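Single-structure report; data block below.
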Amino acid sequence: MKQFGRLLLPVFLICIFGCEDKHEDKKYIDSLTKDSRIAEIDLVDDALERCITRNSEQNGWETLEDITYLICSDENTCKFNEAGEVIWGTCKISSIEALTAMPNLEYLSLGNNFESWEDGNEPLKVIAQIPSLTKLSITYIYSEDITLETGASLKTLEILDGAEHIKFTAHPSVETLVLKADDDYDLSEEGYGNSPYELYSHFPNLKSLTIDSANMDAFKIASKMTGLQSLTIEDGVAKDISQIKDLTNLHTLIAEYGQIESLEGIENLSSLVILDLYKNLIVDVSPISHLKRLKYLNLSYNAIEIIDGFSELDNVTDLYVEYNNLSNINELVEMESLKILGLGENEEINDFTPLLEMESIETLKCSWDFYSEIDDDLINKLNNKGC
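Per the working numbering, the sequence shown starts with residue 6, numbered consecutively.
Next up, the structure:
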């Protein structure tokens, strides 16, 4: 029993002093107002205080009411030694309650300096109490099953690493969502945040979605988000574009460095203005001919041999088809709105004369390294078009 008491006493003392600090800090934070002078604030969380002070010095802010954004990067939260080197262990923010006293704080970037929470303390819940916050950016969340609550003013949410650990509640005000998950994230693993395939139920009014994860099927995740206007996929395992055929409000689709082989279903996305499918596995591009509103089209680094139906794309001004297997470019002549054309590194093309007929072209991006048999006079004429 005495041994147990000796073990318990240090823990008890830590709790007494630790709880006292937290209690006093809470009372102090509650006393802050919009008129509180930044130079006089004294927070228990030194890293947050440094972030507030340094951002304010950079912008000439004097009171909490003046603060409109906080970027809590290393340079704004860490202590530095005399050599100007970061003193690691001084950078982490563990409490953000003081931010609730800033009536005009609209953008908060916690970078990678947000401390793991302990003892049931979940600082992210305070986010909902920051009255004017419209954009939140957080990097590196490694604690499991973290609940994120947001206020009615939040429009943009960026979780730039560790998104798989977040448990989202309802976020009806959020219109822009950026998620990056660990490349080793196993979707079959239970107990890690929400299933990404249920995100649509937490973000009912989402207009823009960006997903960066090697193991998330972004098309499946987005398939029920029928209000989306912009979808960006960076990396990932998405293959079946037909999964998003019901997203008829999409005006921007960017899916680079992916595994897309078929464009079946894309013809339903008739509102598309920007389509970027750089570096996929596409061979047949004929479904694109149905996208009459397209203005920007990037299909570089695929396996395209024939550009069927491009003559029907009357509004395309920017076209990139570099590093493909094209052999015939006659159909490009009928694209009368085309101003920028990227055509280089298509080794099978043996006739470039159709390009001379394209009067609308202002910039022609090409390379002659692969075409030793081309007439020098033709090269000179095409170079005058911007090659």
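Yeah, the Cβ is synthetic: ideal placement off N, Cα and C, and Gly gets one too. Remember, predicted model here, so these are calculated numbers, not experimental data.
- Per DSSP, F119 lies in no beta strand (DSSP E) segment and is marked neither H nor E.
- Here the stretch 85-95 makes no contact with the stretch 63-70; the two share fewer than three CB pairs at distances below 8 Å.
- At a Cβ-Cβ threshold of 9 Å, K250 and I226 do not count as neighbours.
- For D217, the uninterrupted beta strand (DSSP E) segment begins and ends at 213-217.
- For T257, the three-state secondary structure derived from DSSP is strand.
- Distance between P359 and T253, taken at the CA atoms: about 35 Å.
- Fully contained in the stretch 76-107 are the following alpha helix (DSSP H) runs of length 4 or more, in chain order: 79-82.
- Excluding residues up to 5 positions away in sequence, I246, S247, P292 lie with their Cβ nearer than 8 Å to the Cβ of E269 in the same chain.
- N385 sits exposed, since fewer than 16 C-beta atoms from the chains shown fall within 10 Å of its C-beta.
- Taking the Cβ atoms as the reference, L274 lies roughly 19 Å from L286, outside the contact range of under 8 Å.
- When the beta-carbon positions are compared, K284 and G314 stay at least 9 Å from each other.
- 9 Å or more divides the Cβ of I279 from the Cβ of G241.
- Going by beta carbons, L277 and L296 fall inside the 9 Å limit.
- Excluding the 5 residues flanking it on each side, D222 has same chain C-beta neighbours closer than 6 Å at V242, A243, in chain order.
- A Cβ-Cβ contact shorter than 9 Å links L48 with A103.
- Residue environment: T152 is assigned as exposed (fewer than 16 neighbouring CB atoms within 10 Å of its CB, all protein chains considered).
- Residue environment for A308: exposed (fewer than 16 other C-beta atoms within 10 angstroms of its C-beta).
- Per DSSP, the beta-bridge partners of Y74 are Y112.
- Under the three-state reduction of DSSP output, L37 falls in the coil class, being neither helix nor strand.
- The continuous beta strand (DSSP E) containing N303 extends over residues 301-303.
- Assignment of D289 by DSSP, reduced to helix, strand and coil, places it in the coil class.
- Straight through space, the alpha carbons of K212 and S36 are spaced by roughly 39 Å.
- Between the C-alpha atoms of L159 and S142 there is a straight-line separation of about 11 Å.
- With at least 16 other beta carbons inside 10 angstroms of its own, S100 counts as buried.
- Counting along the chain, the unbroken alpha helix (DSSP H) around Y205 starts and ends at 204-207.
- In the three-state scheme derived from DSSP, where H, G and I count as helix and E and B as strand, K370 is classed as strand.
- With a beta-carbon spacing of about 20 Å, S294 and E327 fall beyond the 8 Å limit used to define contacts.
- Rounded to whole angstroms, A44 and P177 show a C-alpha spacing of 37 Å.
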